[in-house]
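Going by my numbering, the first residue of the sequence shown is number 50, and it counts up by one from there.
Glycine included, every Cβ here is placed at the ideal spot set by N, Cα and C.
Fair warning: this is a prediction, and the values are worked out from it, not measured in the lab.
Scroll down for the structure; my scribbles are underneath it.
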Amino acid sequence: MFTTFAWYFLSLEGRISRQEFRLGYFGIVIVNALLIRIWRNLTVPRVRYYDRHDVSHDWSILLVLLVLLWPLIAVTVKRLHDLNVSGWWMLAALAIPIVSSVTSVSGWIITLLVVIVLSVVPGRSGNNRFGRDPLAQTGL
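Right under this line is the structure:
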């Protein structure tokens, strides 16, 4: 059980299906949102709208985000592998702010579109250079 969990969230090798990608990606996003909410409530005192907010503790939220960044990258790279595309294409995500500023479309919308495409486009059937077909392994 632990080895499957570690492979799924920490390894950059192998392939995952569309369903596994959706479950992993949105699971990480939900955990991320919950951790940020809990962490903020623990580290930042309750602030009213008329109080001045001290942002000295906000760096800690960045640390929480960085901890969950690797599992998000690992899940996305494995999904790219299922499409028979190198995981290095994950670096294209660095262009999202540039595309956002050029097109005047929010970066969140562009990211959501990329996630939808990765969630909908079927992977290559059969084995490829990145591993065995995840659907063939489950018998679907």
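So, helix, strand or coil for asparagine 177, using DSSP?
Asparagine 177: strand per DSSP, three-state reduction.
What residues in its chain sit with their C-beta under 8 Å from that of alanine 123, if we drop five residues either side in the sequence?
Same-chain partners within the cutoff: Tyr57, Phe58, Leu59, Ser60, Leu61.
Please report the distance separating the alpha-carbon of isoleucine 85 from that of leucine 114.
In a straight line, the C-alpha of isoleucine 85 is about 8 Å away from that of leucine 114.
What is the DSSP secondary structure of asparagine 133, reduced to helix, strand or coil?
Coil at asparagine 133, not helix or strand.
Are three or more beta carbon pairs between the segment 69 to 89 and the segment 134 to 149 nearer than 8 Å?
Output reads no: the segment 134 to 149 does not touch the segment 69 to 89.
Considering only C-alpha positions, which residue in the set Trp119, Val126, Arg89 is nearest to tryptophan 108?
With distances taken between Cα atoms, tryptophan 108 lies closest to Arg89.
Under 8 Å Cβ to Cβ from leucine 117, same chain only, skipping five residues before and after it: list those, please.
So the list reads Ile77, Val80, Asn81, Leu84, once near-sequence residues are dropped.
Between which two residues does the alpha helix (DSSP H) harbouring serine 155 extend?
Unbroken run through serine 155: none, as it is neither H nor E.
What residue from Pro171, Val154, Gly156 has the CA that sits closest to arginine 128's CA?
Minimum Cα distance to arginine 128 is reached at Pro171.
Measuring straight from C-alpha to C-alpha, what distance separates alanine 144 and phenylalanine 54?
Those two C-alpha atoms are separated by around 30 Å.
My guess is that arginine 173 and leucine 132 are in contact by the Cβ rule of under 8 Å, so how many angstroms apart are they, rounded?
Correct: roughly 7 Å between the Cβ atoms.
For the candidate residues Gly63, Phe75, Arg64, whose alpha-carbon lies nearest to that of isoleucine 165?
The shortest C-alpha separation from isoleucine 165 is found at Phe75.
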